[in-house]
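Just below is one structure, and these are the notes that go with it.
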Amino acid sequence: MDYLLVKHLHVGMAYLSISLFILRSSLSITASPLLQHKLVKILPHLIDTFLLLFAVLLMITIKQYPFFDTWLTAKLIALLAYIAVGSIAIKRGKTAVIRLWASIIAVLIFTYIIGAAKTHHALSWLALI
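In case it helps, numbering that gives the first Met the number 0 puts the sequence shown at residues 0 to 128.
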């Protein structure tokens, strides 16, 4: 597959994913019944599946892999943290305040992931200083 096509598909899915995360976490914080809507429950998983698929295709295309390239290792670890904190933000947080703070932390982790992807450095945005 063409590198630019895969890259743009991956980036597009990443931005769709964070947009849906922000929507879902907002619904969770406000205890909205819309959080239980079938589309709101299914679409993020579909988007995230394609995001992961394009990530794997991108790794193969650029021949860089986690545990061999530090920036991808850092990105993978941050992704696992994002998933854990995101779970607290949407499902597991006991109070709205906990879900709000988990949402903020998840968005900050996502921002780190974007920085690591753009700079190809584990320091993420700090590598630009």
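The beta-carbon is built from N, C-alpha and C at its ideal position, and this holds for glycine as well.
- Counting C-beta pairs with one atom in each stretch, the region 34 to 47 and the region 93 to 105 have fewer than three that are closer than 8 Å, which means they do not touch.
- Inter-residue distance for R23 and L34 is about 6 Å (C-alpha atoms, whole angstroms).
- The C-alpha of I76 is placed about 25 Å away from the C-alpha of L4.
- Annotated three-state conformation of S102 is helix, per DSSP.
- With respect to the 8 Å criterion, T60 and Y2 are classified as neighbours on the basis of their beta carbons.
- Less than 8 Å separates the beta-carbon of S16 from that of P43.
- Just measuring C-alpha positions, the residue of T48, Y81, L125, G92 sitting nearest V106 is Y81.
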